[in-house]
Amino acid sequence: MSRLAQRFAQLKAENRKALVTYVMAGDPQPSVTVPLIHEMVAAGVDILEVGLPFSDPMADGPVIALAAERALAGGTNTLDAIAMVKEFRQKDQDTPVVLMGYLNPAEVIGYETFIQTAADAGVDGMILVDLPPEEAEKFDVILDQYGLDQVFLLAPTSTDERITHVIKQARGFIYYVSLKGVTGAATLDIQSAADRIAKIKQQTDLPVGVGFGISDAASAKAMGAVADAVIVGSAFVKPFATLSVEDATAAAIAKVKELRAALDEL
Numbered sequence: 490m491s492r493l494a495q496r497f498a499q500l501k502a503e504n505r506k507a508l509v510t511y512v513m514a515g516d517p518q519p520s521v522t523v524p525l526i527h528e529m530v531a532a533g534v535d536i537l538e539v540g541l542p543f544s545d546p547m548a549d550g551p552v553i554a555l556a557a558e559r560a561l562a563g564g565t566n567t568l569d570a571i572a573m574v575k576e577f578r579q580k581d582q583d584t585p586v587v588l589m590g591y592l593n594p595a596e597v598i599g600y601e602t603f604i605q606t607a608a609d610a611g612v613d614g615m616i617l618v619d620l621p622p623e624e625a626e627k628f629d630v631i632l633d634q635y636g637l638d639q640v641f642l643l644a645p646t647s648t649d650e651r652i653t654h655v656i657k658q659a660r661g662f663i664y665y666v667s668l669k670g671v672t673g674a675a676t677l678d679i680q681s682a683a684d685r686i687a688k689i690k691q692q693t694d695l696p697v698g699v700g701f702g703i704s705d706a707a708s709a710k711a712m713g714a715v716a717d718a719v720i721v722g723s724a725f726v727k728p729f730a731t732l733s734v735e736d737a738t739a740a741a742i743a744k745v746k747e748l749r750a751a752l753d754e755l
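Just so you know, we're using my numbering here: the sequence shown kicks off at 490 and counts up by one.
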């Protein structure tokens, strides 16, 4: 059983919802990432998403796009980000880690080298935003060889046919994008998202996580009531744009505790 499956099974047995948090690898400097994610786990994070810095993101709003620019300017590339996961694994063998990024770096590195390196580092899954399931067969075959899960996105605009197609290929969990927009967008239609998540869950036993637009206790609690996991990114990344590393880290940990407390009220 994969770390993702184990973690979701554990949380289900405890009647708790997963808190999934995103950090951009290497933002604002390479030395920050590993200590930060250790602190976030200690504060209550269940699953980590580690962002791969990329210069041309299509799903990220300005907060995460600028974080990628800072990371790239500081010298962090895709293989450096994976090396950070390997360093994290020296002290934490239990917390699932999912890489989130775009296909271009994997193409440049080569699918098998990219996936093997990630597997060797202790990565558990991949979210490649611009790799649709219709074109993912070659990538999926290699992921299977190395025991990694491919997590696909579904959106408010996904058709019934698309939902069925994604469910057949997805592993680990389903990532439901709660709004029409980019990461960090402010408009969140909770009822619409709840209806769509219920529809997805009728067709699969895979956990469903919901992300985009969740930034505080109220929105996390509302989404946690209808999903298996709440995924938060921009709220953790934003402090590093304006605050010192120490203050930004403190803000990120305070946010973890706020969200964890809200989910634990469910």
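Even glycine gets a Cβ: it sits at the ideal position worked out from N, Cα and C.
Selected residue, minimal CA-CA separation from residue i, among the options
{"i": "S667", "options": "D684, A739, L620", "result": "D684"}
{"i": "F543", "options": "A570, A531, T522, I536", "result": "A570"}
{"i": "L520", "options": "E596, A740, T565, A682", "result": "The sequence given here places Ser at residue 520; Leu does not occur at that position. Comparing Cα positions, the closest option is T565."}
{"i": "T693", "options": "S733, E538, G614, Y664", "result": "Y664"}
{"i": "G611", "options": "D581, Q634, P594", "result": "D581"}
{"i": "P621", "options": "Q658, D535, T606", "result": "Q658"}
{"i": "T653", "options": "D638, A502, K506, L695", "result": "L695"}
{"i": "A628", "options": "I656, L643, L592", "result": "The sequence given here has Phe at residue 628, not Ala. Of the candidates I656, L643, L592, the one whose C-alpha sits nearest the C-alpha of F628 is L592."}
{"i": "S708", "options": "Q639, L508, N504", "result": "L508"}
{"i": "L500", "options": "G713, V734, D736, E735", "result": "G713"}
{"i": "A682", "options": "A644, P551, A562, G661", "result": "A644"}
{"i": "V803", "options": "K506, E576, P517, R578", "result": "Nothing can be reported for residue 803, as the shown portion of the chain is limited to 490 through 755."}
{"i": "P594", "options": "D583, V586, A607, L748", "result": "A607"}
{"i": "R541", "options": "A562, T567, E558, G563", "result": "Note on identity: in this sequence residue 541 is Leu, with Arg being the wrong assignment. Looking at the Cα atoms, T567 is the closest of the given residues."}
{"i": "E558", "options": "M513, K575, E596", "result": "M513"}
CB of residue i within 7 Å of CB of residue j, strictly
{"i": "Y600", "j": "I631", "result": "yes"}
{"i": "I689", "j": "V697", "result": "yes"}
{"i": "V726", "j": "A532", "result": "no"}
{"i": "A741", "j": "K710", "result": "no"}
{"i": "A548", "j": "G515", "result": "no"}
{"i": "A706", "j": "I686", "result": "no"}
{"i": "M615", "j": "L588", "result": "yes"}
{"i": "Y635", "j": "I604", "result": "yes"}
{"i": "M573", "j": "V523", "result": "yes"}
{"i": "E538", "j": "Y511", "result": "yes"}
{"i": "F577", "j": "I526", "result": "yes"}
Which residues DSSP lists as bridging residue i, in chain order
{"i": "A507", "result": "A718"}
{"i": "D638", "result": "G614"}
{"i": "V586", "result": "L537"}
{"i": "Y591", "result": "BP columns for Y591 are empty, so no partner."}
{"i": "V666", "result": "G700"}
{"i": "L643", "result": "Y665"}
Residue i versus residue j: straight-line alpha-carbon distance, rounded
{"i": "M490", "j": "A498", "result": "10 Å"}
{"i": "A739", "j": "E650", "result": "44 Å"}
{"i": "S723", "j": "G700", "result": "10 Å"}
{"i": "I679", "j": "A718", "result": "15 Å"}
{"i": "A674", "j": "R496", "result": "A caution first: A674 carries a pLDDT of 47, below 50, which makes its placement in the model too unreliable to give a value."}
{"i": "T760", "j": "A556", "result": "Nothing can be reported for residue 760: it is not among the residues displayed for the chain, which extend from 490 to 755."}
{"i": "L493", "j": "V640", "result": "11 Å"}
{"i": "D613", "j": "D638", "result": "6 Å"}
{"i": "T672", "j": "G550", "result": "Reliability fails at T672, whose pLDDT of 49 lies under 50, so the model's placement of it is uncertain and the value that follows must be treated cautiously. Straight-line Cα distance between these residues: approximately 5 Å."}
{"i": "V721", "j": "D633", "result": "27 Å"}
{"i": "V534", "j": "E623", "result": "32 Å"}
{"i": "F729", "j": "F662", "result": "29 Å"}
{"i": "Q579", "j": "V655", "result": "34 Å"}
{"i": "A502", "j": "A562", "result": "43 Å"}
{"i": "G590", "j": "E754", "result": "32 Å"}
{"i": "L617", "j": "P546", "result": "11 Å"}
{"i": "T648", "j": "R660", "result": "20 Å"}
{"i": "D619", "j": "D583", "result": "28 Å"}
{"i": "A743", "j": "K506", "result": "18 Å"}
{"i": "E596", "j": "T602", "result": "10 Å"}
**Request:** Kindly provide the ranges of any alpha helix (DSSP H) runs that are 4 or more residues long and lie completely inside the stretch 496 to 579, ordered along the chain.
**Result:** Entirely contained in the stretch 496 to 579, the alpha helix (DSSP H) runs reaching 4 residues are, in chain order, 519 to 532, 551 to 562, 567 to 578.
**Segments assigned alpha helix (DSSP H), at least 4 residues, entirely inside the stretch 672 to 749** = 679 to 690, 706 to 713, 723 to 726, 728 to 731
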